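Colleague:
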Amino acid sequence: GLWRGNTVNVLRMIPNKGVLHATNDLYKDIARNLALTVPAFAAFGLGAQHFLSGSLAGMTSVAATYPLDLVRTRMAGRLATSSTVSAGLVQSTWMATVSNVVSKEGICGLYRGVMPTLVGAIPYEGIKFYAYAKIKEVLPHHADGSQDLHWKLVAGASAATIAHVLTYPMDTLRRRMQLQGVGGSAAIYKSTLDCFATMCKTEGAISLYRGLTATCIRGVPNTGIQFAVYEGLKTLMMLA
Numbered sequence: 003g004l005w006r007g008n009t010v011n012v013l014r015m016i017p018n019k020g021v022l023h024a025t026n027d028l029y030k031d032i033a034r035n036l037a038l039t040v041p042a043f044a045a046f047g048l049g050a051q052h053f054l055s056g057s058l059a060g061m062t063s064v065a066a067t068y069p070l071d072l073v074r075t076r077m078a079g080r081l082a083t084s085s086t087v088s089a090g091l092v093q094s095t096w097m098a099t100v101s102n103v104v105s106k107e108g109i110c111g112l113y114r115g116v117m118p119t120l121v122g123a124i125p126y127e128g129i130k131f132y133a134y135a136k137i138k139e140v141l142p143h144h145a146d147g148s149q150d151l152h153w154k155l156v157a158g159a160s161a162a163t164i165a166h167v168l169t170y171p172m173d174t175l176r177r178r179m180q181l182q183g184v185g186g187s188a189a190i191y192k193s194t195l196d197c198f199a200t201m202c203k204t205e206g207a208i209s210l211y212r213g214l215t216a217t218c219i220r221g222v223p224n225t226g227i228q229f230a231v232y233e234g235l236k237t238l239m240m241l242a
């Protein structure tokens, strides 16, 4: 039960993080070239370029893999027992979950909650990549400018912590919007804004940070490893 939805999560993570890091490099190159030709853009500094490229990369990865994210959330958010499966309230496989969502909510149901996810990707990925670049600068380097992978892991984990704390409420709203309508139940919230207002009114503003500790325990080392592995693979590919 603790690994429920993990298969689809793995299927989602491979293209999601691949697209994220690859397009971040692409957008960084575009931003760098733009800074050389547009003085007004260059005036914002290198930090703004990191933030912009990270934000655009985050939105690109979300757009490419969002249906898998919704299916993972649906599977992890409902308890699968013989009674709930037989009643059609929850599906036992990710393919059955996709089929159920499409049959009851239409193709658009696979994109329920996509707007808060897209909007949330702007500050989260922007802050994460910006913080990663800045933290890397202050960590130890070798004389030739290279840096050990464990310092990149530290930089990635630290950047993830900052980004999670600053943007977590948007993640809460995303999950609430994804989970409503499960099993054909009536939608509780009319929009993301309505979800935000309702939660603050009925549960208090602190509810927007519910689950932050667990998210950091999972996400912080996860992101640190992502950056370290990606940077390490890039180095190996350049040497090959």
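For the sequence shown, our numbering begins at 3 and goes up steadily by one.
Just so you know, even glycine gets a beta-carbon here, dropped at the ideal spot from N, CA and C.
As the structure is a computational prediction, the values presented were derived from the model and not from experiment.
1) Using CA atoms only, rank isn't needed, just tell me which of 127, 194, 50, 41 is closest to residue 21.
2) Determine, using beta carbons only, whether residue 176 and residue 215 come nearer to each other than 8 Å.
3) Just checking my contact of residue 121 with residue 172 at CB under 8 Å: how many whole Å lie between their CB atoms?
4) Take every Cβ of the segment 53-67, pair it with every Cβ of the segment 27-38, and state whether three or more of those distances are shorter than 8 Å.
5) Hey, residue 52 and residue 132 are a contact pair by Cβ (cut 8 Å); roughly how many whole angstroms apart?
6) Would residue 49 and residue 136 qualify as a contact pair, given that the criterion is a beta-carbon distance under 8 Å?
7) So, using beta-carbon positions, are residue 141 and residue 234 closer together than 8 Å?
8) Taking residue 74 as the reference, which of 38, 14, 189, 223 has the closest Cα?
9) Helix, strand or coil: which one does DSSP assign to residue 137?
10) Using the Cβ count rule (16 or more neighbours within 10 Å means buried), how would you classify residue 45?
11) Taking just the CA atoms, how far does residue 98 sit from residue 26?
12) Tell me the DSSP secondary structure of residue 31 in three-state form.
13) Can you list, in chain order, the residues of its chain with a C-beta nearer than 8 Å to that of residue 174? Leave out the 5 residues immediately preceding and following it.
14) Comparing alpha-carbon positions, which option in 69, 123, 40 lies nearest residue 54?
15) Would you decide whether residue 203 is buried or exposed? Buried here means 16 or more other CB atoms lie within 10 Å of its CB.
16) How long is the line joining the alpha carbons of residue 155 and residue 188, rounded to whole angstroms?
17) For residue 111 and residue 100, I'd like the C-alpha separation in whole angstroms.
18) Whose CA, out of 72, 157, 146, 223, lies closest to the CA of residue 115?
19) Do residue 125 and residue 168 have their C-beta atoms within less than 8 Å of each other?
20) I think residue 225 touches residue 162, with their Cβ atoms under 8 Å apart; what is that distance to the nearest whole Å?
21) Here's a check: name, in chain order, each residue in its chain whose Cβ is nearer than 6 Å to the Cβ of residue 170, leaving out the five neighbours to either side.
22) Let's see if you can read the secondary structure: which residues bound the alpha helix (DSSP H) around residue 208?
23) Do residue 229 and residue 158 come within 8 Å of each other at the CB atom, strictly closer than that value?
24) Give the DSSP-derived three-state secondary structure of residue 191 in the structure shown.
25) Residues in the same chain with beta-carbon distance under 6 Å from residue 63, minus the five sequence neighbours each way, listed in chain order, please.
26) Would you kindly work out how many angstroms separate the C-alpha atoms of residue 206 and residue 178, rounded to a whole number?
Modeller: So, from the listed chains and residues:
1) If we check each option's Cα against that of residue 21, 127 comes out closest.
2) Taking 8 Å as the Cβ cut-off, residue 176 and residue 215 do not qualify as a contacting pair.
3) So it is a contact: roughly 7 Å between Cβ atoms.
4) Touching, yes.
5) Cβ-Cβ separation between residue 52 and residue 132: approximately 5 Å, consistent with a contact (criterion under 8 Å).
6) Residue 49 is a Cβ neighbour of residue 136, given a cutoff of 8 Å.
7) Taking a C-beta distance under 8 Å as the contact criterion, residue 141 and residue 234 do not qualify as a contact pair.
8) Residue 14 is the option with its Cα nearest to residue 74.
9) Residue 137: helix per DSSP, three-state reduction.
10) By the neighbour-count criterion, in which a residue is buried when 16 or more other Cβ atoms sit within 10 angstroms of its Cβ, residue 45 is exposed.
11) Cα to Cα, the separation comes out at about 33 Å.
12) In the structure shown, residue 31 adopts helical secondary structure according to DSSP, grouped into three states.
13) Residues of the same chain with a CB within less than 8 Å of the CB of residue 174, apart from the 5 flanking positions on each side, are 201, 209, 210, 211, 212, 213 in chain order.
14) Closest in alpha carbon position to residue 54, among 69, 123, 40, is 123.
15) Label assigned to residue 203: exposed.
16) Their Cα atoms are separated by approximately 44 Å.
17) Approximately 9 Å, taken between the alpha carbons.
18) In terms of Cα proximity to residue 115, the closest of 72, 157, 146, 223 is 72.
19) The Cβ atoms of residue 125 and residue 168 sit closer than 8 Å to each other.
20) Correct: roughly 4 Å between the Cβ atoms.
21) In its chain, beyond the 5 residues on either side, 211, 214 have a beta carbon closer than 6 Å to the beta carbon of residue 170.
22) That residue, residue 208, is in no alpha helix (DSSP H); it is neither H nor E in DSSP.
23) Going by C-beta atoms, residue 158 is nearer than 8 Å to residue 229.
24) Here DSSP, grouped into helix, strand and coil, assigns residue 191 to coil.
25) Around residue 63: 18, 21, 22.
26) Residue 206 and residue 178: Cα-Cα distance of roughly 15 Å.
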